[in-house]
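In this note's numbering, each number is its position in the sequence shown, counted from 1, plus 5.
All C-beta atoms, glycine included, are put in the ideal place defined by N, C-alpha and C.
To start, the structure under review is shown below, and the notes come after it.
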Amino acid sequence: MDKKIAFIGAGSMAESIIGGLIADELLPPHHILAVNHSNEARLTHLQENYGIRTFSDSADAAQEADIVMLAVKPKQLGDALHAAASGLTEDKIIMSVLAGIKTSQIENELPGNHPVIRVMPNTSAKVGQSATALAGGSYAKEQHVQAASELFSSIGTAVVVKEKDMNTVTGIAGSGPAYFYYFAEAMEQAAAASGLPEDKARDLIIQTMYGAAVRMRESDQSSAALYQEVRSPGGTTEAAFREMEKHDLQKSFKQSVQAAISRAAALGENNPPPGSS
């Protein structure tokens, strides 16, 4: 990709995307620009570890870039847009990874008809395995959405969805890696309690998760059919499932995911850019 991309915000999500783009060699490090006003140490970290270029002025970074990636906290969006405004000409593609923030909220804060793409990747981008969804705003044309899809397909899977579905995507895929790490931790703790060495338990758990993911991807069976296949009557898996069902774990987990979806929606409602209705 013969483009330059400026990250406005340099937190963990920005780093995951930057790391994935460089590892995949989609962009050379000097084509990646970053600004982070709240924590200059982050810029030093990114420059030293990835060789990217850092800026102190958002407008300068935006002016030089072809793509501007908004990666600040939702509540910082208004300030970020104001700081970069003079560099945000209509030929720039603006992409936003801000949870809950609609494309219309960004469009309304900018003069003219800027192409805005709402994107929800996850931190697995850092190893080229993100599950990313994206949706174009009112002024985003097919070529703008295609550019975003090309960018994020290089660091995992990218799918185009309707914007109304983006909060659901945030709760499922955006937060998703953390759910698996949480369950992996519980398995590690159970292994440790039974005396299995930590390094061996970790290797086995990682391969088990990876193998299950590959099996699920390559199978046309439902998730329920796949776990029922392992759940032999009177066996060890059956014993585990009886305990989970006793505590209604599936219901609790569904409610947890729904809480993430609801929070994504609330972020957009509670953190509109200054001046938006």
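Close CB contacts of Ala270 within its chain, under the 8 Å cut and outside five residues either way in sequence, are with Gly105, Asn172 (chain order).
Residue state for Val121 is assigned as strand, using DSSP reduced to three classes. Where Gly133 is concerned, there is no enclosing beta strand (DSSP E), because DSSP gives it neither an H nor an E.
DSSP places Leu26 in the uninterrupted alpha helix (DSSP H) bounded by 17-28. DSSP lists Phe12, Thr59 as the beta-bridge partner residues of Ala39. Around the beta carbon of Pro116, fewer than 16 other beta carbons lie within 10 angstroms, which makes this residue exposed. Per DSSP, reduced to three states, the secondary structure at Ser101 is strand.
For Glu155, the number of other beta carbons within 10 angstroms of its own is below 16, and it is reported as exposed. Note: Leu139 is bridge-paired with Val124, Val165 in the DSSP secondary-structure output.
Exclusion of the five residues before and after Asp170 leaves no residue of its chain whose Cβ lies closer than 7 Å to its Cβ.
DSSP places Met74 in the uninterrupted beta strand (DSSP E) bounded by 72-75. If you look at Lys259, you'll find it in the alpha helix (DSSP H) that goes 254-275. Here DSSP, grouped into helix, strand and coil, assigns Leu32 to coil. The C-alpha of Ile37 is placed about 10 Å away from the C-alpha of Asp71. Between Val121 and Ala145, the CB-CB gap stays under 8 Å. A contact between stretches requires three or more CB pairs, one per stretch, nearer than 8 Å, and the segment 59-73 meets this requirement with the segment 91-103.
Under the 8 Å Cβ criterion, the segment 129-137 counts as touching the segment 20-37, having at least three qualifying pairs.
When the alpha-carbon of Asn118 is set against those of Ser109, His252, Ala196, the nearest one is in Ser109. Minimum Cα-Cα distance from Ala85 among the listed residues Ala198, Ala163, Asp62 corresponds to Asp62.
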